[in-house]
Amino acid sequence: MAYKCLQDCIEDLDKTGQLIRIKEEVDPYLEMASIHLRIHEAKGKAILFEKVKGSKYQAVSNLFGTTERSTFIFRDTLENVKKMIALKTDPMQALKHPLQNIGVALAAWKALPKKVSSHKFEKIKISDLPLIQCWEKDGGAFVTLPIVYSEDPEKPGAMHSNLGMYRIQLSGNDYIQDKEIGLHYQLHRGIGVHQTKWNKLGKPMKVSVFVGGPPSHSFAAVMPLPEGLSELTFAGALGGRRFRYMYDEEGFCLSTDADFVITGEVYPNDNKPEGPFGDHLGYYSLKHDFPLMRVKNVYAKKNAIWSFTVVGRPPQEDTAFGNMIHEMTGSAISSEIPGVHEVHAVDAAGVHPLLLAIGSERYTPYYTNKRPQELLTISNHILGTGQLSLAKFLFIADKSDDETLTTHEEEKFFQHILERIDLSRDIHFQTKTTIDTLDYSGDGLNTGSKVIIAAAGDKKRTLTDILPDDFILPAGFKNPRFVSKGILAVEFSESHPVPTNIGIVSGSLAGTTWKTEGTPLIVICDDADFLAADFNNFLWITFTRSNPSHDIYGINERYENKHWCCDTLIIDARIKPHHAPVLKKNAEVEKRVDEILKKYV
Numbered sequence: 117m118a119y120k121c122l123q124d125c126i127e128d129l130d131k132t133g134q135l136i137r138i139k140e141e142v143d144p145y146l147e148m149a150s151i152h153l154r155i156h157e158a159k160g161k162a163i164l165f166e167k168v169k170g171s172k173y174q175a176v177s178n179l180f181g182t183t184e185r186s187t188f189i190f191r192d193t194l195e196n197v198k199k200m201i202a203l204k205t206d207p208m209q210a211l212k213h214p215l216q217n218i219g220v221a222l223a224a225w226k227a228l229p230k231k232v233s234s235h236k237f238e239k240i241k242i243s244d245l246p247l248i249q250c251w252e253k254d255g256g257a258f259v260t261l262p263i264v265y266s267e268d269p270e271k272p273g274a275m276h277s278n279l280g281m282y283r284i285q286l287s288g289n290d291y292i293q294d295k296e297i298g299l300h301y302q303l304h305r306g307i308g309v310h311q312t313k314w315n316k317l318g319k320p321m322k323v324s325v326f327v328g329g330p331p332s333h334s335f336a337a338v339m340p341l342p343e344g345l346s347e348l349t350f351a352g353a354l355g356g357r358r359f360r361y362m363y364d365e366e367g368f369c370l371s372t373d374a375d376f377v378i379t380g381e382v383y384p385n386d387n388k389p390e391g392p393f394g395d396h397l398g399y400y401s402l403k404h405d406f407p408l409m410r411v412k413n414v415y416a417k418k419n420a421i422w423s424f425t426v427v428g429r430p431p432q433e434d435t436a437f438g439n440m441i442h443e444m445t446g447s448a449i450s451s452e453i454p455g456v457h458e459v460h461a462v463d464a465a466g467v468h469p470l471l472l473a474i475g476s477e478r479y480t481p482y483y484t485n486k487r488p489q490e491l492l493t494i495s496n497h498i499l500g501t502g503q504l505s506l507a508k509f510l511f512i513a514d515k516s517d518d519e520t521l522t523t524h525e526e527e528k529f530f531q532h533i534l535e536r537i538d539l540s541r542d543i544h545f546q547t548k549t550t551i552d553t554l555d556y557s558g559d560g561l562n563t564g565s566k567v568i569i570a571a572a573g574d575k576k577r578t579l580t581d582i583l584p585d586d587f588i589l590p591a592g593f594k595n596p597r598f599v600s601k602g603i604l605a606v607e608f609s610e611s612h613p614v615p616t617n618i619g620i621v622s623g624s625l626a627g628t629t630w631k632t633e634g635t636p637l638i639v640i641c642d643d644a645d646f647l648a649a650d651f652n653n654f655l656w657i658t659f660t661r662s663n664p665s666h667d668i669y670g671i672n673e674r675y676e677n678k679h680w681c682c683d684t685l686i687i688d689a690r691i692k693p694h695h696a697p698v699l700k701k702n703a704e705v706e707k708r709v710d711e712i713l714k715k716y717v
């Protein structure tokens, strides 16, 4: 359905019974986020907050809280958008050959941005906005669904612009209220590339932050698009309505369908501490210097509605974003990386830390001992592609070993890998490299390591989830619990860091009568009961709390011609002193939210 504005979408959801209206006044400090988290966890409706303390503007969240609701919002355009992405359709080419794909051609026409000459905004201040703080240790209020616009100084204009969803800090820290806000993004992202060019020119980069507007604009900001499709054209195609924009008298781009627009400039090397912020890995990203945006103007429509989300340990609302992206892109990854059938950034592990992939092993068609070869080539291509390059762990399997295998059934996938892995051959490290800026498991900001675990061929072992009667752990280790067949969690509670003590368990287990062949993976953790209680707990703890080069050990670990190998793999997934704090709810706020939600849940 072609929504002209955010209000249209809200009314549509309301009419179809997919909206909750919270009529009580709610506090943007923690309360709104708590309500959102409760309703989202229950797979509930979108939420309209009619009275936000300290602001005259209403706010909406959980619009995309389920994949079903996201599909409903884009029900009239989704199929044609899938075709556009599959064809890598350039809008102009689709218009030149309309009979080949009539629906795609129509979508392509709607994809073309439309420049207009006027707007209906009034000027306000940052302090007039709903200043929503989601977690207790956050540095202040943040925009959590921003649509950040920047232009390339070498190719000015909307068609070569970048839309991205980079968090914005509105208050707190050392920011001058109403004059300064903070931007958090990585330099390899689109806006970072633009800033580098502006810096070389010695000129400030003009930035516009759009909030609200048609839901397609938010999706466009997070969509990993193939070459030839801009975010503005994608927003138009998905929304069934051309992206409308203009420039104000100071040269800043305004999305005239947005509810709010914040404009400002980022000067070369002008930074201030940003954060902390409760992030999508389930921890706080800490305070670091990031670009400072000097605010020029803040615009709002007369009855503007502030859209926001809450990020935290997955699954959260951004999980539905990921599901929709996967549905829209379909098999596009296969055409981008030859030999790939699937790549799955595992949401339960915080998305970026863990990738599961299925590829084709075709390098040795006549073999007696099948081994990963093409899978390693594919793996390096995966880790060199866009945001996939942020991953720390990549597990990859061969399609021909099991045609029914899928990366989206994580437990079965791990069992497939663990049944086939040759621990003397199939573990490949990349050390002293980059990881996600939000991941504090490494040895510095944006610094860590990667490991590729590639398995191909016949089953090498039968996995077990039974400990022998004579199994004994060395001192300091306790409470062994099986997560799944072949995966054992063990607690260790002594002081950190203790790599030598991990070596003790390696040596001790190697010397016992227990044969570990059926248990090729041991995870050392702080709470084995919690880790083993649910496979998603295993995914979250193991892969967000470990840095491959520092935290992978092994029973009988050794080097063979500089290649590290072992007999049983050990991952130290305990919380380390340098890790960021885990996100926790505020007990008093939770009690207040209990009272509010009695009427609605």
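Position one of the sequence shown corresponds to residue 117 (this note's numbering), numbered consecutively onward. Glycine included, every Cβ here is placed at the ideal spot set by N, Cα and C.
Check: Endpoints, the beta strand (DSSP E) within which Ser-600 is located; Outcome: 593-600
Check: Pair within 9 angstroms by beta-carbon distance, Pro-488 and Ala-591; Outcome: no
Check: Simplified DSSP state of Asp-643, which is helix, strand or coil; Outcome: coil
Check: C-alpha distance - Tyr-291 paired with Ala-274, whole-angstrom precision; Outcome: 30 angstroms
Check: Lys-63, DSSP secondary structure in three states; Outcome: Because the chain in this structure spans residues 117 to 717, residue 63 falls outside the shown range and cannot be described.
Check: Burial state of Asp-434 (16 or more Cβ within 10 Å); Outcome: buried
Check: Assigned exposure category for Leu-491 - 16 Cβ within 10 Å defines buried; Outcome: buried
Check: Three or more C-beta pairs below 8 angstroms linking the segment 254-268 and the segment 156-176; Outcome: no
Check: Those residues which DSSP pairs with His-460 across a bridge; Outcome: Leu-472
Check: Among Arg-358, Glu-458, Gly-564, the one whose alpha carbon lies nearest that of Glu-519; Outcome: Glu-458
Check: As assigned by DSSP and simplified to three states, the class of Trp-680; Outcome: strand
Check: Test item: CB-CB of Leu-554 and His-396 under 9 angstroms; Outcome: yes
Check: Collapsed DSSP secondary structure at Ala-175 in the structure displayed; Outcome: strand
Check: Cβ-Cβ distance between Phe-651 and Val-599 below 9 angstroms; Outcome: yes
Check: Which of helix, strand or coil DSSP assigns to Leu-699; Outcome: coil
Check: Reduced DSSP category for Cys-125 - H, G, I as helix; E, B as strand; rest coil; Outcome: helix
Check: Extent of the continuous alpha helix (DSSP H) run through Thr-658; Outcome: 651-660
Check: Three-way DSSP call (helix, strand, coil) for Gly-306 in this model; Outcome: helix
Check: Whole-angstrom C-beta distance between Arg-661 and Ala-689, which should lie under 8 angstroms; Outcome: 5 angstroms
Check: DSSP bridge partner residues for Gln-249 (one or two, in chain order); Outcome: Tyr-145
Check: First and last residue of the uninterrupted beta strand (DSSP E) at Glu-267; Outcome: First-last for Glu-267: undefined, no H or E at that position.
Check: Environment of Glu-166 [buried if 16+ CB atoms lie within 10 Å]; Outcome: exposed
Check: Endpoints, beta strand (DSSP E) assigned at Ser-565; Outcome: 564-571
Check: Contact set for Ile-537: own chain, Cβ-Cβ below 6 angstroms, skip 5 residues either direction; Outcome: Ala-571
Check: Cβ neighbours of Ser-332 in the same chain (closer than 6 angstroms, five flanking residues each side left out); Outcome: Ala-351, Leu-354, Gly-355
Check: Assigned exposure category for Tyr-363 - 16 Cβ within 10 Å defines buried; Outcome: exposed
Check: Length of the line joining the Cα atoms of Ile-297 and Ala-149; Outcome: 21 angstroms
Check: Collapsed DSSP secondary structure at Met-362 in the structure displayed; Outcome: strand
Check: Strand pairing of Phe-188, partner residues [DSSP]; Outcome: Beta-bridge pairing links Phe-188 to no other residue.
Check: Within 9 angstroms, strictly: CB atoms of Glu-267 and Asn-278; Outcome: yes
Check: Contacts around Leu-122, its chain only, beta-carbon distance under 8 angstroms, and the 5 residues preceding and following it disregarded; Outcome: Val-176, Gly-328, Gly-329, Pro-330, Pro-331, Asp-375, Ile-421, Ser-423
Check: Nearest-angstrom Cβ-Cβ length linking Met-409 and Lys-198, presumed shorter than 8 angstroms; Outcome: Not a contact, Cβ separation roughly 35 angstroms.
Check: Proximal residues to Pro-207 (C-beta, below 6 angstroms), its chain only, five neighbours per side dropped; Outcome: With a pLDDT of 48 at Pro-207, under the threshold of 50, the modelled position of this residue cannot be trusted; read the value that follows with caution. The answer, listed in chain order, is Ala-224, Ala-227, Leu-228, Thr-349.
Check: Helix, strand or coil at Val-705 [DSSP, three-state]; Outcome: helix
Check: Cutoff 8 angstroms; reference Met-339; Cβ partners in own chain excluding five residues on either side; Outcome: Glu-347, Phe-350, Ile-441, Met-444
Check: Euclidean distance between Cα positions of Leu-637 and Lys-515; Outcome: 23 angstroms
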